[in-house]
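Per full-length UniProt numbering: the sequence shown = residues 1 to 282.
We treat Cβ as the ideally placed atom computed from N, Cα and C, and that holds for glycine.
Computed from a predicted structure; not experimentally measured.
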Amino acid sequence: MTPRIASLRAGVTRGRIELSHAYTNPQEVFQYLFWPVIFFVVMLFMRGSTVPGTEFSLAASVLPSVIGMNIAFGMMGVAGVLATEREDGTLLRAKAVPNGMPAYLIAKIIVVTGMTAASVALILVGGLVLFGRDLNPGVGGWFTLVWVFALGMVAVLPIGAAIGSLLTNPRSMSLLFLPLGGLISISGIFYPITSLQGWIQGIAQVFPVYWLGLGMRSALLPGDLVTVEIGESWRHLETAGVLGAWAVLGLLLAPPLLRRMARRESGSAVEARRASAMRRVS
């Protein structure tokens, strides 16, 4: 058995075990489902509102974008796991096992993907129950939803791994929330992006958040709502192109950064981080 196949098998096995544990761990479940539940509650209060000029539910129009945003949060999930387990020594233990680092990363990707899929399913099922009259994707819509989700995860998870490899501790994650929040605010998640200035629209279209929201809207919303989108088009080819470009960029950046991180891991480094964390607590 080649090292790559051994790493893949070990990673898949470890990922399956960790995912089953995550689904039964209240803390893990709360971490991944907290924001979807919050947004779902907000959409409940929006049930009686409609998109201006139409009779279409405002909550139903926002729901696909929230699903796309939730996929983008997978980037934060991978980065947070790497930062946390770097500090507590889990990464060092993985490094000490033959083919341990590739298997470790495969496992984490499986866990984050599985938990993200669960949160997306929660929002989607709840949305269909409440807004099924407005959300009627059909066969083509379900196909679009699946490929946007899959390509979106491939686009954001390697970028998350690259970012996580640069973080020295979990507290550094707070530095990422401000730029991500800024991207969400300009990416047409909660209101049409066409209401923003052209140069802001251009910035938003560089990053995956906008395209994930657009892809999910194209999958779940009626065709006549495309009039509020840029160019009055769902732009599936552009969505695939931009998400694919981010996937390539992440796959180019993540491996060397992760190897660099692994080389720097040592018992003394882990102990120093633990001592620093204890001083902050005390």
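Boundaries for Gly89: no alpha helix (DSSP H) harbours it, and the DSSP string shows neither H nor E there. By the criterion of a C-beta distance shorter than 8 Å, Asn136 is surrounded in its chain by Pro222, once the five residues flanking it on both sides are discounted. The Cβ-Cβ distance between Gly160 and Met69 does not fall below 9 Å. Leu243 is positioned such that its CB atom lies no closer than 9 Å to that of Gly182. Excluding sequence positions up to five before and after Gly80, its CB lies within less than 8 Å of the CB of Gly164, Pro170, Met173, all in the same chain and listed in chain order. Excluding five sequence positions before and after Ile230, the CB atoms of its chain that fall closer than 7 Å to its own CB belong to Ile193, Thr194, Gln201, given in chain order.
The Cβ neighbour count for Phe45, taken over all protein chains shown within 10 Å, is under 16; the residue is labelled exposed. For Gly48, there is no enclosing alpha helix (DSSP H), as DSSP marks it with neither H nor E. Between the alpha carbons of Thr50 and Leu130 lies a distance of about 14 Å. In this structure, DSSP gives Ser57 an extended state, which the three-state scheme calls strand. Residues Pro36, Phe39, Phe40, Leu63, Val66, Ile67, Asn70 of the same chain have their beta carbon placed closer than 8 Å to that of Ile123, with the five preceding and five following residues left out of the count. Under the three-state reduction of DSSP, Arg260 is assigned to helix.
Annotated three-state conformation of Pro98 is coil, per DSSP.
For Glu28, the three-state secondary structure derived from DSSP is helix.
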